[in-house]
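Structure, as structure tokens:
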Amino acid sequence: MKKYNISNPDWLDEDLTKELETAGSNEYGTPPQIIEPLKYAVGGQFDLDAATCKKITHIAKNYYTKEDDGLESPWFGRVFVNPPYSREKKKWVAKARKELTKDRVEFIVFLCRGDSSTNWWHGLFEDASYVCFLDSRMKFIGAKSSAQFPSHIFVLGDAPSKLSDELDELGSVKRLTERKPLAD
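Quick note: full-length UniProt numbering has the sequence shown finishing at residue 184, numbered continuously throughout.
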């Protein structure tokens, strides 16, 4: 019995797909194959999606769009972020690292291009509890084909052990710190 529906989740509709098809190369909609296991791992939804498109994907109860500016707004609770794939990546990483030090943030799940040749990637790697190297290249919502780059999911902070278990189904998970996971 499946734990979640990745083939046709109720939040994925034609409007969202069309919005992302026309958004250009900076917007990469997180596919259900990633969203649904993450939602399951946190028991429903994250508290915040810090960088979503205008039409939400129901990964979080609260969200920041481009207009809300997740770089300037406070993050809280259990945070998911798939930031715009632009040259501002280092700003998003700096924001995540800063927000992790705040008492209002429980943990951050950060989906990004797997680019270990960059300083921002190494910044995430330094602070992460663990990282998932996805087994295959993602086909983002609205994309005509799979990405031409690998993707990684970094977990910063003390996340439930169920999250690590779900990520293990998506790729190779490497624990980076000796942090003790929160009880489920």
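C-beta atoms are modelled at their ideal positions from N, C-alpha and C, and glycine is treated no differently.
Would a C-beta distance cut-off of 8 Å place VAL93 and CYS132 closer than the cut-off? no
DSSP state of VAL105 mapped onto helix, strand, coil: Strand at VAL105.
Quick one, are the C-beta atoms of THR30 and LEU111 less than 8 Å apart? Cβ atoms of THR30 and LEU111: closer than 8 Å.
Any idea what DSSP makes of PHE125, helix, strand or coil? helix
Assumed close pair LEU170, LEU134 - CB separation to whole angstroms, cut-off 8 Å: 6 Å
Quick one: residues in its chain with C-beta nearer than 6 Å to the C-beta of ARG104, no 5 flanking neighbours on either side, listed in chain order? PHE76
Have a look at GLU99 and PRO74 and give me their C-alpha separation to the nearest angstrom. 8 Å
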